[in-house]
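Take any residue in the sequence shown, count from 1 to its spot, add 206: that is its number in my numbering.
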Amino acid sequence: MDNILNAIKECAKEISQMLKYCDFGYSNTINKTGDTQLKLDVLSDEIISKKLSKLDNIKALISEEKDEILNLNENAKFIVAYDPLDGSSLVDVNFSVGSIFGIYDSKISPKNLVASLYFVYGPRLEMVFCLDKPYLFRLDENSEFIKIKELKLTQKGKINATGGSQWEWSDTHKSLIQNLFNEKYRLRYSGAMVADLHQILLKGGGLFSYPSTTNAPNGKLRVVFEILPFAYIFEKAGGFTSDGFLDTLFNLEISSIHQTSPCFFGSKFEIQKVRKFYLGEINESN
Ligand code: AHG
Ligand code: MN
Ligand code: MN
C-alpha cells in the first residue's frame, strides 16, 4: 500500500499549491448528490484520479465528483474512495478545507476498510494517516510529511460541532444540542467536516454531528468517502461513532457509492449521550 500512500501525499501537495494560487471560478455542472460543483472540486478530482490511475494495485476509484465507479485493474486488491476537496464552498473565505481517502480491500464494505487518511489545507498542510493507530503528520520546509504524534481521544470533550440548520433539525436533535450547551460545551463549527473533526481529534474530544434533517432525512454526508474514513480514525483513536441508533457507524449497510447517512463522531461520553437521546431514553424538552 506504500505506493498508494506516496501517490496520495503527492496529490495533496499539488492540491495545496492549487488552492493557494488558482482562481476561484465556478463550473456549471451538478454532481450526484446535487451540489453545485466548484471548479476546484473538479480540478482536485483530476489531480487525484490522474495519479492514482497509474498504480497497478488499485482495482477501482470512487470519487465524490464521479457519478460512477472508475474501474482500473480488475484483479488488483485496493479500492480507493475519496472526497477530493471537502468544504470547497469555504475556499473563497480562506477557511481550512481538506481531502479525505478511504482504502478498501477488494470491495466496498465497512469491514473492508483497511486504512484511511485525510489532509487539512490550513495555515499548514497536515495529514492524519491511520492503519492501526492514527498519527498526525505535518509538511516541513523540505516538502516532507513529518510524523508529529499519535492521536488519542479522552472520554469526554468540550466541543460541540453540528451541521444543518436548527429549523430543519428534529426535536430530538434540538434537545441533544441544548443539553450539551447546558453542560458548557462550546460551539465550534466551520462547515468543513475535515477541519471540524480535526479540531475535535487534536483537542482530544467533543462531538461532531450531521443529523437527519427535514430536507435530508438520510443526512448530508456520504458514507463511503466521508463518514467511514473518519469513523475508522475516530474509533482507532479511542472514540466512538453512531448514526444516532447504531453502536458504531461500521454497522451501516452500504447499497450505493453515494449513499448518505446521519453521523455522530466523538468521545465515549458524547456518543453515549447521543444514543440515549435518539433511542428515547432521555426526553428533555427545550
Ligand atoms: P463538500 O465540500 O465535500 O461537499 O462537503 C461539505 C460538507 C461537510 O464538509 C460539512 O460538514 C457539511 O458539508 C456542511 O454542511 P452544512 O453547511 O449544511 O452544515
Ligand atoms: Mn465533503
Ligand atoms: Mn467535496
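C-beta atoms are modelled at their ideal positions from N, C-alpha and C, and glycine is treated no differently. Source: prediction; values computed, not measured.
- Task: Count the other CB atoms, across all protein chains shown, that sit within 10 Å of the CB of Ile262; report buried if there are 16 or more and exposed otherwise.
- Result: Start at 1 with the first residue of the sequence shown, and residue 262 comes out as number 56. The residue asked about is misnamed: residue 262 is Asp in this sequence, not Ile. It is exposed - the Cβ of Asp262 has fewer than 16 other Cβ atoms within 10 Å.
- Message: Using a Cβ-based criterion (distance less than 7 Å to any ligand heavy atom), does Glu271 qualify as near ligand 2?
- Response: Here residue 271 refers to the residue found at position 65 of the sequence shown. Result no, Cβ not under 7 Å from ligand 2.
- Pick helix, strand or coil for Thr378, following the three-state DSSP scheme. Here residue 378 corresponds to residue number 172 of the sequence shown, with the count starting at 1. Helix.
- Task: Could you tell me the distance, in whole angstroms, from the CA atom of Phe513 to the CA atom of Thr368?
- Result: Only positions 207 to 492 of the chain appear in this structure, which leaves residue 513 out of reach.
- Out of curiosity, what's the CA-to-CA distance linking Asp166 and Pro290? Given a span of 207 to 492 for the chain in the structure shown, any question on residue 166 remains unanswerable.
- Span separating the alpha-carbon of Ser294 from that of Ser222: Counted from its first residue, the sequence shown places residue 294 at position 88. Counted from its first residue, the sequence shown places residue 222 at position 16. Linking Ser294 to Ser222 through their CA atoms gives a straight-line distance of about 13 Å.
- Message: I'd like the span of the alpha helix (DSSP H) that includes Asp208, first residue to last.
- Response: Here residue 208 is taken as the residue at index 2 of the sequence shown, counted from 1. Its alpha helix (DSSP H) spans residues Asp208 to Tyr227.
- Counterpart residues of Asn366 in DSSP-defined beta bridges: The count along the sequence shown starts at 1 and reaches residue 366 at position 160. Residue pairing by DSSP puts Asn366 in a beta bridge opposite Leu393 and Leu413.
- Separation of Leu485 from Leu382, as counted between CA atoms: Residue 382 sits at position 176 when you count from the first residue of the sequence shown. Residue 485 sits at position 279 when you count from the first residue of the sequence shown. Straight across, the Cα-Cα distance linking Leu382 with Leu485 is about 12 Å.
- For ligand 4, any of its heavy atoms closer than 7 Å to the Cβ of Tyr416? Inclusion of ligand 4 in the displayed structure is not the case, the ligand content consisting of ligand 1, ligand 2 and ligand 3 alone.
- Query: If we count the other Cβ atoms within 10 Å of its Cβ and call it buried at 16 or more, is Phe371 buried or exposed?
  - Reply: Residue numbering aside, residue 371 sits at position 165 when the sequence shown is read from its first letter. Sequence inspection shows Ser at residue 371; the Phe mentioned does not correspond to that position. Ser371 should be labelled exposed.
- Message: Let me make sure I understand the geometry here. Which of Cys217, Ile460, Asp449 and Pro468 has the alpha-carbon closest to that of Pro316?
- Response: Working through the sequence shown from its first residue, we reach residue 316 at position 110. Checking every option, the nearest Cα to that of Pro316 belongs to Ile460.
- When you compare each of Lys355, Lys245 and Gly472 to Gly450 by their alpha carbons, which one comes out closest? Translated into positions along the sequence shown, residue 450 becomes position 244. For Gly450, the nearest C-alpha among the options comes from Gly472.
- Task: Run the proximity test for Ile349: is its beta-carbon closer than 7 Å to any non-hydrogen atom belonging to ligand 3?
- Result: For the purposes of this step, residue 349 is taken as residue 143 along the sequence shown, with counting starting at 1. Before going on, a small fix: residue 349 reads as Ser here, not Ile. Not a single heavy atom of ligand 3 lies less than 7 Å from the C-beta of Ser349.
- Segments assigned beta strand (DSSP E), at least 3 residues, entirely inside the region 301-367: Entirely contained in the region 301-367, the beta strand (DSSP E) runs reaching 3 residues are, in chain order, 303-311, 319-327, 331-336, 340-345 and 351-356.
- Check Ala401 in the structure and name its three-state DSSP category. By one-based count along the sequence shown, residue 401 stands at place 195. Looking at Ala401 - three-state DSSP - the assignment turns out to be helix.
- Rounded to whole angstroms, what's the CA-CA distance from Ile253 to Glu389? Just pull it up for me. As a first step, residue 253 is located in the sequence shown; it is residue number 47 there, counting from the start. As a first step, residue 389 is located in the sequence shown; it is residue number 183 there, counting from the start. Distance between the alpha carbons of Ile253 and Glu389 is about 44 Å.
- Item | Contact set for Glu374: own chain, Cβ-Cβ below 7 Å, skip 5 residues either direction | Walking along the sequence shown from the start, residue 374 turns up at place 168. Contacts found: Thr419, Thr420 and Asn421.
- Go through the region 420-491 residue by residue and report every complete run of the beta strand (DSSP E) that reaches 3 residues or more, in order. Secondary structure within the region 420-491: the beta strand (DSSP E) runs of 3 or more consecutive residues, fully enclosed, are 446-448 and 469-472 (chain order).
- Query: Unbroken alpha helix (DSSP H) runs of length 4 or more, entirely within the region 262-303: which are they?
  - Reply: If we require 4 residues or more, the region 262-303 turns out to have no alpha helix (DSSP H) run fully inside it.
- Message: Cutting at 8 Å between CB atoms, please list the residues of its own chain near Phe301, excluding the five before and the five after it.
- Response: On the sequence shown, residue 301 is found 95 positions in, with the first residue counted as 1. Here the set comprises Gly293, Ser396, Gly397, Ala398 and Ala401.
- When you compare each of Val248, Asp247, Leu258 and Leu249 to Ala213 by their alpha carbons, which one comes out closest? Working through the sequence shown from its first residue, we reach residue 213 at position 7. Closest in alpha carbon position to Ala213, among Val248, Asp247, Leu258 and Leu249, is Leu258.
- Ser448 and Ile406 look like a contact to me (Cβ under 8 Å); what is the Cβ gap, rounded to whole Å? The sequence position of residue 448 within the sequence shown is 242, counting from 1. The sequence position of residue 406 within the sequence shown is 200, counting from 1. Contact flag wrong, Cβ pair sits at about 15 Å.
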